[in-house]
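Asker: Just so you know, the protein sequences line up as chains Z and P, in that order. Reminder that position 214 of the first sequence reads as 214 in UniProt numbering, one-by-one numbering, no gaps. Reminder that position 414 of the second sequence reads as 414 in UniProt numbering, one-by-one numbering, no gaps. Just dropping this structure here.
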Amino acid sequence: MSSRERVLGRVRRALAGLPADPVPYEEAVARAYLRQHGERSPERTVELLAENLADYRALVHRCTAGELPAVLAGLLAARGARTVLVPPGLDPGWLAASDAERVADRAESTPAELDRVDSVVTGCALAVAETGTLVLDGSADQGRRRITLVPDHHVCVVRVPDQVVASVPLALERLDPTRPLTWISGPSATSDIELDRVEGVHGPRTLEVVLVGESR
Amino acid sequence: MNGTFLGMPAFPEAAREAVRDERLRGNLRHATHTIRAKRAAAVAEVSDWAELREAGRRIKDHTLRHLDRHLLRLEESVTAAGGTVHWAADAAEANRIVTALVRATGESEVVKVKSMATQEIGLNEALEAAGIRAYETDLAELIVQLGDDRPSHILVPAIHRNRAEIRDVFRSEMAAWGRPAPEDLTDSPAALAEAARLHLREKFLRAKVGISGANFMVAETGTLVVVESEGNGRMCLTLPETLISVVGIEKTVPTWRDLEVFLQTLPRSSTAERMNPYTSLWTGTADGDGPRAFHLVLLDNGRTDTLADEVGRQALRCIRCSACLNVCPVYERAGGHAYGSVYPGPIGAILSPQLRGTASGIDASLPFASSLCGACYEVCPVAIDIPEVLVHLRERVVQGGPATREGTKVVLRPAKGHAAERAAMRAARWAFGRPGVLRTGQRLAARTRRLHPRTLPGPGRAWTATRELPPVPAEPFRDWWERTDGGRNEGDAPQDPEETK
């Protein structure tokens, strides 16, 4: 007997004495919890996102689409970033004002090569206001998972309000499970030493978020 | 279970050592009280906590009720997404599967995401025996591994260590495992985290094989979920060419939508955050992004035996948040090592004796490692009635009875060491069935109450070592009832029989 049959057989024997359960799954679980916590205007939802991101020690900036190239150039210059990783589908206009050298993530580039890049700039799939979370799904403006992980400085651009959802339930229903998903809530952190929070263990030690809207 | 835990003394002996350790108690008290207060605040932020908790309970219960169906669906989804599914009935088989998979890559080292399942099966030791070095990459697990220590908390395994101890471990041990600690390493948490970052980064960047567990597996889509804080998880899940995930079968949830419950309750219950810094979700393999090969090892190792127990099976709802540890007055004083398992605290006290059976001294003692105060049930985000299971397991240890071991129904004999208790209970049953005997005994007890010792002699000593012996009243209840007609005719209080002599 294969282990697959052995384990499944044990499961079935363990459940054999239970009465029949004809209720389909959709009806078995009462989902009496909230889809989101409280009613907010779109503007207020964006503000909540900014507050919660900042609470987790991400650096939050706000600007209009026209100001974005100058803002990004400023953030890279302030870090002294000489090289910047660029996902293949990033709007080329975003980095038009920066003189940092563009580095593409090629299939053959090794993690060690990525480790030598100063910064990375990406878009996102969406952001969750109630938890202060950015979600990346590997789309062309976000690139592969490793490019937002190895460099020490990540700048993420969020279009507001259309990329912002209020809550985790509303985020999940907009995401595609077949894509690799990375949820980011503030920079890398650990509380393993006497529960003192320290930012930046293995992921980017600095996370900057630019909220781009029609108005500031 | 983990070889390093074999031969552990029973809980009372281990705990006696721990409560004498002032430094350990200080570390634990600080840590559990800090996180307890933060968790309460994080939970208070969401007005629908009770509804989320109930939904989590029902999702898990339904999953367990139809586990065979959900496992088959999971296998199908993972396979369709490009992964390979393996089944392991026990720890030895899981270790064999993983070892063979690593060997097939030709590699002799692996990087690991913190995982309770791989600790439970002693994977690191099994790999080492096969000449493969496993590097733990979670900071706390690194501290434990470098210190040749054992984890003592589900979420923060090095909770028993303070910063000075961690600095000493890094200074003396890091060089033997790779990049040495900086010469001038201080004990500031930031400096220690930086030393770990440099030490581990060289391993991440060259690793070809990653090993993980998972917090959730979605049957409907084949998606696996790992929640973490440091980014070591992301490193292990995305940089290597081969990813092997060892996951207990109870981590299954039926649908994608179910994650909306647990991604709200798990972070708030465990680290008291609205959301942990990093959550990775992957479905099989992705073209050009992350590992080219993905293997999922589905682990039983006592879980189906637990499923067969109608009271005890609720332990399989556990999402390993560790909230129950942080509120437990017994854990706070005894520490995690006293539980003799990778699962310490209240959940460990019900999970370990079910996964491993109650044959060993440590496992037979675990159901008694509790004050039954109920705080663990109150905080549990999937409403596991830990006190109920503790009482159920106590009965099994003392009385014996039916249980399932390795898929086979057995009848357990009463555990050794409870003979005196059973003899006392038998004597009580005999006396309660004979009113005359009971009356005489009670009167005798009342008359001799001045002579009663404060502690019991012989086999009863263990009982009174940790408890006050209740005082015997001056007059038995039945005598009082007869004399006063059930309280309707309360006369003068009787004189203490000793004083009438």
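Quick reminder that beta carbons are idealized off the backbone N, C-alpha and C, glycines included.
Write down the C-beta distance between Z:G200 and Z:L149 rounded to the nearest angstrom, noting that I regard them as a contact closer than 8 Å.
Answerer: Start at 1 with the first residue of the first sequence, and residue 200 of chain Z comes out as number 200. Start at 1 with the first residue of the first sequence, and residue 149 of chain Z comes out as number 149. About 12 Å; that fails the 8 Å criterion.
Asker: From P:R394, P:G210 and P:L185, pick the residue whose C-alpha is nearest to that of P:L198; which is it?
Answerer: Along the second sequence, read from residue 1 onward, the residue named residue 198 of chain P stands at position 198. Of P:R394, P:G210 and P:L185, the residue nearest in Cα terms is P:L185.
Asker: Comparing C-alpha positions only, which one of P:A37, P:L205, P:S352 and P:R257 sits nearest to P:N301?
Answerer: Taking the first residue of the second sequence as 1, we reach residue 301 of chain P at position 301. Selected option, being the one with the closest Cα: P:S352.
Asker: Please return the same chain residues whose Cβ sits closer than 6 Å to the Cβ of P:A10, not counting the five positions on each side in sequence.
Answerer: The residue labelled residue 10 of chain P in the question sits at position 10 within the second sequence. Around P:A10: G361, I362 and S365.
Asker: Can you pull out the residues from the segment 73–88 of chain P whose beta carbon lies closer than 9 Å to at least one beta carbon of chain Z?
Answerer: Shown in chain order are the members of the segment 73–88 of chain P whose Cβ falls below 9 Å from a Cβ of chain Z: E75, A81, V85, H86, W87 and A88.
Asker: Excluding the 5 residues preceding and the 5 following P:N215 in the sequence, name in chain order all residues of the same chain whose CB lies nearer than 8 Å to its CB.
Answerer: Within the second sequence, residue 215 of chain P is the residue found at index 215, counting from 1. Excluding sequence neighbours, P:N215 sits near V225, V226, V227, K251, F262, L266, I319 and R320.
Asker: For chain Z, find out if any of its Cβ atoms is closer than 9 Å to the Cβ of P:H30; answer yes or no.
Answerer: To locate residue 30 of chain P, count along the second sequence from 1; it is residue 30. Yes, P:H30 counts as interfacial toward chain Z.
Asker: Is Z:V209 near Z:V158, with beta carbons less than 9 Å apart?
Answerer: If you number the first sequence from 1, residue 209 of chain Z lands on position 209. If you number the first sequence from 1, residue 158 of chain Z lands on position 158. The answer is yes: Cβ separation under 9 Å.
Asker: Please determine, among P:I249, P:L205 and P:E241, the residue with the shortest C-alpha to C-alpha distance to P:G213.
Answerer: Against the second sequence, residue 213 of chain P aligns to sequence position 213. Closest by alpha carbon: P:I249.
Asker: For the 8 Å Cβ check, are there 3 or more pairs between the segment 104–122 of chain Z and the segment 176–191 of chain P?
Answerer: no
Asker: Would you call the CB atoms of Z:W183 and P:S280 closer than 9 Å?
Answerer: By one-based count along the first sequence, residue 183 of chain Z stands at place 183. By one-based count along the second sequence, residue 280 of chain P stands at place 280. Against a cut-off of 9 Å, the Cβ pair of P:S280 and Z:W183 comes out as a contact.
Asker: What number of angstroms, rounded off, separates the C-alpha of P:I347 from the C-alpha of P:A195?
Answerer: Within the second sequence, the letter at position 347 stands for residue 347 of chain P. Within the second sequence, the letter at position 195 stands for residue 195 of chain P. Approximately 33 Å, taken between the alpha carbons.
Asker: Going by the beta-carbon positions, is the gap between P:P254 and P:I384 smaller than 9 Å?
Answerer: The residue you call residue 254 of chain P lines up with position 254 of the second sequence. The residue you call residue 384 of chain P lines up with position 384 of the second sequence. Not a contact, by the Cβ cut-off of 9 Å.
Asker: Considering only heavy atoms of the ligand FAD, does any lie closer than 8 Å to the CB of P:V246?
Answerer: You won't find the ligand FAD in this model; it holds no ligand whatsoever.
Asker: Are at least three pairs of beta-carbons, each pair with one atom in the segment 268–287 of chain P and one in the segment 66–84 of chain P, less than 8 Å apart?
Answerer: Contact between the segment 268–287 of chain P and the segment 66–84 of chain P is established, with three or more Cβ pairs separated by less than 8 Å.
Asker: Cβ of P:N95 less than 9 Å from any chain Z Cβ?
Answerer: Your numbering for residue 95 of chain P matches position 95 in the second sequence. It does not: the Cβ of P:N95 has no partner Cβ on chain Z nearer than 9 Å.
Asker: So the candidates are Z:A166, Z:T110 and Z:A100; which of them puts its Cα closest to the Cα of Z:A70?
Answerer: For the purposes of this step, residue 70 of chain Z is taken as the residue at position 70 of the first sequence. Ranking Z:A166, Z:T110 and Z:A100 by Cα distance to Z:A70 puts Z:A100 first.
Asker: By Cβ distance, which residues of its chain are closer than 7 Å to Z:R82, with the 5 residues on each side in sequence left out?
Answerer: Translated into positions along the first sequence, residue 82 of chain Z becomes position 82. These residues qualify, in order along the chain: A100, E101 and D118.
Asker: By Cβ distance, which residues of its chain are closer than 7 Å to P:Y432, with the 5 residues on each side in sequence left out?
Answerer: Against the second sequence, residue 432 of chain P aligns to sequence position 432. A small fix is needed here, since residue 432 of chain P is Phe in this sequence, not Tyr. Around P:F432: L438.
Asker: State whether the segment 119–133 of chain Z contacts the segment 161–174 of chain Z, with contact taken as three or more CB pairs (one from each stretch) at a distance under 8 Å.
Answerer: yes
Asker: Can you tell me whether P:M1 is buried or exposed, with buried defined as 16 or more other CB within 10 angstroms of its CB?
Answerer: Here residue 1 of chain P refers to the residue found at position 1 when the second sequence is read from its first residue. Residue confidence is low: P:M1 scores 39 on pLDDT, short of 50, so the model does not pin down where it sits. No coordinate-derived value is stated.
Asker: Helix, strand or coil for P:Y343? Go by DSSP, reduced to three states.
Answerer: For the purposes of this step, residue 343 of chain P is identified with residue 343 of the second sequence, where counting begins at 1. Shown here, P:Y343 sits in coil according to DSSP, grouped into three states, outside any helix or strand.
Asker: Who does P:P470 pair with in a DSSP beta bridge?
Answerer: Translated into positions along the second sequence, residue 470 of chain P becomes position 470. For P:P470, which the question treats as bridged, DSSP gives no partner whatsoever.
Asker: Applying the criterion that 16 or more other CB atoms from any shown protein chain within 10 Å of the CB defines a buried residue, is P:V19 buried or exposed?
Answerer: Indexing the second sequence from 1 puts residue 19 of chain P at position 19. Burial call: exposed.
Asker: Which runs of the alpha helix (DSSP H), 4 residues or longer, sit entirely within the segment 76–109 of chain P?
Answerer: 91–105
Asker: Please state the DSSP three-state secondary structure of P:M1.
Answerer: Numbered from its first residue, the second sequence carries residue 1 of chain P at position 1. Note that P:M1 scores 39 on pLDDT, short of 50, meaning its location in the model is unreliable; the coordinates nonetheless yield the value given after this. Reduced to three states, the DSSP call for P:M1 is coil.
Asker: Note down, in chain order, every chain P residue with its Cβ under 7 Å from the Cβ of Z:T190.
Answerer: Your numbering for residue 190 of chain Z matches position 190 in the first sequence. Within chain P, the residues near Z:T190 are L139, A193, S229 and E230.
Asker: Where does P:A195 fall in DSSP's three states?
Answerer: Within the second sequence, numbered from 1, the residue matching residue 195 of chain P stands at position 195. P:A195: helix per DSSP, three-state reduction.
Asker: Checking 9 Å against the spacing of the C-beta atoms, do P:H392 and Z:V29 come in under that value?
Answerer: Here residue 392 of chain P refers to the residue found at position 392 of the second sequence. Here residue 29 of chain Z refers to the residue found at position 29 of the first sequence. Not closer than 9 Å, so no.
Asker: Quick one: what's got a C-beta closer than 6 Å to P:A130's C-beta in the same chain, skipping five residues either side?
Answerer: Position 130 of the second sequence holds residue 130 of chain P. T99.
Asker: How would you label Z:D162, buried or exposed, when you count the other beta carbons within 10 angstroms and need 16 or more for buried?
Answerer: As a working note, residue 162 of chain Z is residue 162 in the first sequence. Counting Cβ neighbours within 10 Å, Z:D162 comes out exposed, since fewer than 16 surround it.
Asker: Kindly say whether P:P329, judged by its beta-carbon, lies nearer than 9 Å to any beta-carbon of chain Z.
Answerer: Against the second sequence, residue 329 of chain P aligns to sequence position 329. For P:P329, the answer is no, since every Cβ of chain Z falls outside 9 Å of its Cβ.
Asker: Following the continuous beta strand (DSSP E) through Z:W183, name the residue where it begins and the one where it ends.
Answerer: Start at 1 with the first residue of the first sequence, and residue 183 of chain Z comes out as number 183. L181 to I184 is the extent of the beta strand (DSSP E) around Z:W183.
Asker: For P:I154 and Z:W94, what's the separation of their Cα atoms in angstroms?
Answerer: Residue 154 of chain P sits at position 154 when you count from the first residue of the second sequence. Residue 94 of chain Z sits at position 94 when you count from the first residue of the first sequence. Looking at the two C-alpha atoms, the distance is approximately 44 Å.
Asker: Measure the C-alpha to C-alpha separation of Z:E80 and P:Y135 and round it to an integer number of angstroms.
Answerer: Taking the first residue of the first sequence as 1, we reach residue 80 of chain Z at position 80. Taking the first residue of the second sequence as 1, we reach residue 135 of chain P at position 135. Looking at the sequence provided, one finds Gly at residue 80 of chain Z rather than Glu. If I take the Cα positions, the gap works out to 34 Å.
Asker: Classify P:Y278 as helix, strand or coil using the three-state DSSP reduction.
Answerer: What you label residue 278 of chain P is simply residue 278 of the second sequence in a count that begins at 1. P:Y278 falls in the strand class under three-state DSSP.
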